[in-house]
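Chemist: Last residue of the sequence shown: number 433 in the working numbering, and the count goes up by one each step with no gaps.
Glycine included, each C-beta is placed from N, C-alpha and C at the ideal position.
This structure is in structure tokens; I'll ask about it shortly.
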Amino acid sequence: MKITVVALGKIGLPLAVQFAARGHDVIGADVNAGVVDLVNAGVEPFPGEAHLEELLAPAVRDGRLRATTDTAAAVAESEAVVLVVPLFVDSDGVPDFGWLDSATAEVAAGLRPGTLVSYETTLPVGTTRSRFLPMLEAGSGLKCGPDFALVFSPERVYTGRVFADLRRYPKLVGGVDPTSAERGVDFYQRVLEFDDRPELPRPNGVWDLGSAEAAELAKLAETTYRDVNIGLANQFARFATANGIDIYRVIEASNSQPFSHIHQPGIAVGGHCIPIYPRMYLWNDPAATVVRAAREANAAMPEFAVDLLADDLGGLAGRRVAVLGASYRGGVKETAFSGVFPVVAALRAAGADVAVHDPMYSDAELAGLGFAPFHLGDNADAVIVQADHAIYRTVAATDVPGVRVVVDGRRITDPLLWPGVTHRVIGRALQ
């Protein structure tokens with residue numbers, strides 16, 4: 003089968019490689035000519051994705067994967083098209099469809115009879131049918147149903163472990179009509195393979211959810227549920243901190259009950275899933291007061307961490323503070339919606355002299371993000387741990403001469419390595 007994957011980012015490129023590894027002919031389309039050149043050279047354009055490097059080069063060498071900037075031409079050659087183009091929301095929660103609309107227009111220009119189109123980008127409920135179906139029909143002159151198939155099938159993977167997650171989690175599919183759904187299920191059964199998971203309510207594999215809207219809601223619901231749960235944990239953490247209670251013993255006790263699961267609190271709720279998708283859900287359902295309250299609670303955690311630091315130091319004016327971690331989570335070189343930005347902003351607003359450390363970023367890259375670089379061994383009055391990079395498990399007071407306070411927003415530091423230092427833990431890795 004010939005397949006086009008539109009957008010060769012941290013999800014799209016592994017998907018293209020996965021399809022090629024299953025023996026299909028894949029074209030990766032991207033607007034970034036630099037990314038296209040690297041892929042055609044068999045070189046991964048971004049680090050950190052397990053197994054991508056080892057699978058990409060042979061797929062290109064054997065002619066099963068190539069890249070192009072001409073999306074319409076690639077689509078014209080293909081039997082299936084998968085779009086993984088980013089969709090963001092603004093500060094008011096309004097989606098910006100610009101990139102996806104442009105990609106959809108390119109797909110429509112190359113669409114041929116018999117093609118399956120699948121959107122994997124997380125979307126507000128109703129978008130596949132009400133927005134992209136008419137655009138595809140108008141741009142191609144074809145009719146959905148008799149001429150082409152259209153489904154929504156959300157990506158459900160973490161960057162850094164995409165190939166493992168593709169096997170682990172059921173692939174959800176929702177068609178705009180029954181024929182589209184059948185085509186979508188057949189396609190994903192041919193390009194994916196799944197781990198045996200007897201604990202699931204039905205066999206692991208491709209699951210037809212009955213409609214594009216159901217599949218859209220499934221992705222928003224699972225992410226929003228997690229955000230609400232984290233918001234509750236953060237409320238508990240704030241109360242526990244104010245009253246000298248060990249929140250982690252409380253959470254462990256709560257999770258010992260059957261069917262109970264409370265996420266750990268933290269200051270670093272970032273990435274494309276959280277906080278973006280709950281806002282997307284709120285765009286569909288503005289009356290969801292529980293969701294809105296949870297999002298506000300989570301967004302307030304960076305400032306809460308800075309307030310704790312200020313209380314312990316008697317103010318932050320003129321204090322040098324090291325923030326450990328620019329990435330939104332450990333092991334991933336990605337700062338999209340990372341907690342580092344509100345943490346640094348709150349520290350600067352309080353008058354602190356702020357520097358940022360991250361083992362995955364060079365000094366020049368940190369400077370490009372607007373941060374002064376911090377190096378282990380430099381002096382600082384305080385430390386805030388923002389990302390759970392593995393290196394921070396062994397960072398000690400001797401690595402930060404002069405440190406008086408540590409606020410660990412990821413529960414990754416070892417308190418025994420910080421003797422004589424006020425050591426506060428208010429978070430744990432949200433993975």
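1. Which residue comes first and which comes last in the beta strand (DSSP E) that contains Thr446?
2. Where DSSP assigns a beta bridge to Trp209, which residues make up the other side?
3. For Ile5, which three-state DSSP category applies?
4. DSSP on Ala431, reduced to helix/strand/coil?
5. Pairing CB atoms from the region 400 to 409 with CB atoms from the region 349 to 367, are three or more of them under 8 Å?
6. Do Arg322 and Asn381 have their beta-carbon atoms positioned less than 8 Å apart in this structure?
7. So, do the region 158 to 173 and the region 131 to 141 have three or more beta carbon pairs nearer to each other than 8 Å?
8. CA-CA distance, Ala111 and Pro49?
9. Determine the direct distance from the alpha carbon of Gly316 to that of Leu222, and round the result to whole angstroms.
10. How is the alpha helix (DSSP H) around Tyr283 delimited, first residue to last?
11. Where do the N-terminal and C-terminal ends of the beta strand (DSSP E) with Phe238 fall, by residue?
12. Let me check understanding here. Comparing Cα to Cα, which of Glu108, Arg158 and Pro203 lies closest to Ala9?
13. Give the range of the beta strand (DSSP E) segment to which Asp355 is assigned.
14. Give the DSSP bridge partners of Arg426, in chain order.
15. For Leu310, I'd like the list of residues in its chain whose CB is within less than 8 Å of its CB, leaving aside the five on either flank, ordered along the chain.
16. Provide the residue span of the alpha helix (DSSP H) that contains Phe306, from first to last.
17. For the beta strand (DSSP E) containing Gly30, list its first residue and its last residue.
18. Using only CA atoms, which one of Gly44, Phe99, Ala140 and Arg413 lies nearest to Gly65?
19. What's the C-alpha gap between Val7 and Asp72?
20. Just checking: is the beta-carbon of Ala354 within a distance shorter than 8 Å of some beta-carbon in chain B?
21. Pick out whichever of Leu219, Ala31 and Thr106 has its Cα sitting closest to the Cα of Leu15.
22. Starting from the C-beta of Asn206, find all residues in its chain whose C-beta is less than 7 Å away, skip the five residues before and the five after it, and write them out in chain order.
23. So what does DSSP say about Ile386, is it helix, strand or coil?
24. Measure the alpha-carbon distance for Ala319 versus Leu349 and round it to whole angstroms.
25. Are three or more beta carbon pairs between the region 111 to 121 and the region 137 to 146 nearer than 8 Å?
26. Ser132 lies in the beta strand (DSSP E); which residues open and close that run?
27. Tell me where the beta strand (DSSP E) around Tyr121 begins and ends.
28. What is the rounded straight-line gap between the Cα of Glu157 and the Cα of Asp360?
29. Could you tell me the alpha carbon to alpha carbon distance between Ala374 and Ala338, rounded to whole angstroms?
30. Are the CB atoms of Thr181 and Leu138 nearer to each other than 8 Å?
31. Please state the DSSP three-state secondary structure of Phe343.
32. I'd like to check one pair, Gly411 with Ile386: are the Cβ atoms closer than 8 Å?
33. Once you ignore the five residues that flank Asn42 on each side, which residues in its own chain have a CB closer than 8 Å to its CB?
34. Could you check the C-alpha separation between Val153 and Gly11 for me, to the nearest Å?
35. How long is the line joining the alpha carbons of Tyr1 and Val19, rounded to whole angstroms?
Modeler: Based on what the coordinates show:
1. Since the first residue of the chain shown is 3 and the last is 433, residue 446 is not available in this structure.
2. Leu174
3. strand
4. Because the pLDDT at Ala431 is just 38, under 50, the model does not fix this residue reliably, and the value given afterwards should be weighed accordingly. Coil, per DSSP.
5. no
6. yes
7. no
8. 33 Å
9. 42 Å
10. Ile278 to Asn286
11. Taken as a continuous stretch (DSSP letters only), Phe238 belongs to no beta strand (DSSP E), being part of the alpha helix (DSSP H) at Ala214 to Ala244.
12. Glu108
13. Asp355 to His359
14. Val409
15. Thr243, Val409, Arg426 and Ile428
16. Met303 to Leu315
17. Asp27 to Ala31
18. Gly44
19. 12 Å
20. This model lacks chain B altogether; it includes just one protein chain.
21. Ala31
22. Pro172, Phe196, Asp197, Asp198 and Arg199
23. strand
24. 9 Å
25. yes
26. That residue, Ser132, is in no beta strand (DSSP E); it is neither H nor E in DSSP.
27. Leu118 to Tyr121
28. 28 Å
29. 19 Å
30. no
31. helix
32. yes
33. Val62, Arg68 and Ala69
34. 21 Å
35. Since the displayed the chain opens at 3 and closes at 433, residue 1 lies outside it and no answer follows.
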